[in-house]
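> If you scroll down you'll find the structure; I have some questions about it.
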Amino acid sequence: MLENFITQLSTYLLSISGGSLMLVVFYAGVFVALMTSLGSLVAIFAKQLPDWSVEVSLSFAAGVMIVASFTSLILPGIEASKSFLPAGIGIALGVLLIYAIDTLIPHEHLVKGYEGPKEFKDKIRVVWLIVLAVIIHNLPEGLAVGTSIVYDIPTGLVTAIAIGIQDFPEGTIVSLPLAVLQKKRLQPIMMGILSGVAEMV
Numbered sequence: 116m117l118e119n120f121i122t123q124l125s126t127y128l129l130s131i132s133g134g135s136l137m138l139v140v141f142y143a144g145v146f147v148a149l150m151t152s153l154g155s156l157v158a159i160f161a162k163q164l165p166d167w168s169v170e171v172s173l174s175f176a177a178g179v180m181i182v183a184s185f186t187s188l189i190l191p192g193i194e195a196s197k198s199f200l201p202a203g204i205g206i207a208l209g210v211l212l213i214y215a216i217d218t219l220i221p222h223e224h225l226v227k228g229y230e231g232p233k234e235f236k237d238k239i240r241v242v243w244l245i246v247l248a249v250i251i252h253n254l255p256e257g258l259a260v261g262t263s264i265v266y267d268i269p270t271g272l273v274t275a276i277a278i279g280i281q282d283f284p285e286g287t288i289v290s291l292p293l294a295v296l297q298k299k300r301l302q303p304i305m306m307g308i309l310s311g312v313a314e315m316v
């Protein structure tokens, strides 16, 4: 049943794109970005959520990112290279990149300093690190969708659907903690949408 759906979807996308693979890649990228954007809309309900929901959403974020990293990036990388070395180098570079972001990007206003409740000061920093990590994580996801569609359209569409399903909670991960901590909705939702747009790049 899924195979028939993917075949029909492939045929339909090719027909509306005039046979252009680049347009099919664009449509798949829009789908994946929309799934992330839909997930970020959960932040609309942030004002009704208690402050402890930040811890729950950050824990959920950590779990999703760890599982996604191991199952869809690290293990396939080790299997493809027949060695841990390339994957290990990639992991080390990722850790260094997040460390550099944490060290080099300011987390406070230069003039006003930190604004908000003192107990949230460290949480805001953690949330922004997760936002940046998700955006960085979304770039190779977009590349995976594009290259898999160019290689084989049905395989690429399955990849896009799988990544899109995973991206719904990622949009929530980006927007919900920011919305709860900042007591604002628009900026966190826009950050969630921006993280999805990163996949279209």
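All the letters of the sequence shown, read from the start, carry residue numbers 116 to 316 under the working numbering.
From the three backbone atoms N, C-alpha and C, an ideal C-beta is built for every residue, glycine too.
Please list the terminal residues of the continuous alpha helix (DSSP H) segment that includes residue 296.
Taken as a continuous stretch (DSSP letters only), the alpha helix (DSSP H) holding residue 296 covers 268-297.
> So for residue 198, helix, strand or coil by DSSP?
In the structure shown, residue 198 sits in coil (DSSP, three-state: anything other than H, G, I, E or B).
> Tell me where the alpha helix (DSSP H) around residue 313 begins and ends.
Run containing residue 313: none; DSSP gives neither H nor E here.
> Would you check if the distance between the CB atom of residue 311 and the CB atom of residue 148 is smaller than 9 angstroms?
Against a cut-off of 9 angstroms, the Cβ pair of residue 148 and residue 311 comes out as a contact.
> What first and last residue would you give for the alpha helix (DSSP H) that runs through residue 120?
From DSSP, the alpha helix (DSSP H) with residue 120 extends over 117-131.
> Please look up how many angstroms separate the CB atoms of residue 155 and residue 274, rounded, as I've assumed it's under 8 angstroms.
Not a contact, Cβ separation roughly 22 angstroms.
> Between which residues of its own chain and residue 281 is the CB-CB distance below 7 angstroms, once the five residues before and five after are set aside?
Here the set comprises 183.
> What is the rounded straight-line gap between the Cα of residue 173 and the Cα of residue 293?
Distance between the alpha carbons of residue 173 and residue 293 is about 10 angstroms.
> Can you give me the C-alpha to C-alpha distance between residue 119 and residue 194, rounded to a whole angstrom?
Cα-Cα distance, rounded: 30 angstroms.
> Give the secondary structure of residue 205 by DSSP, where H, G and I count as helix, E and B as strand, and everything else as coil.
Note: residue 205 maps to helix in three-state DSSP.
> Can you give the Cα-Cα distance for residue 212 and residue 205, rounded to whole angstroms?
When rounded, the distance between both Cα atoms is 10 angstroms.
> Is residue 306 closer than 9 angstroms to residue 289 when the C-beta atoms are compared?
Cβ distance < 9 angstroms, so residue 289 and residue 306 count as in contact.
> Relative to the C-alpha of residue 142, which residue among 264, 285, 116 and 284 is closest?
Among 264, 285, 116 and 284, the Cα nearest to that of residue 142 is on 264.
> Going by C-alpha distance, which of 198, 283 and 136 is nearest residue 266?
Ranking the options by Cα distance to residue 266, first place goes to 136.
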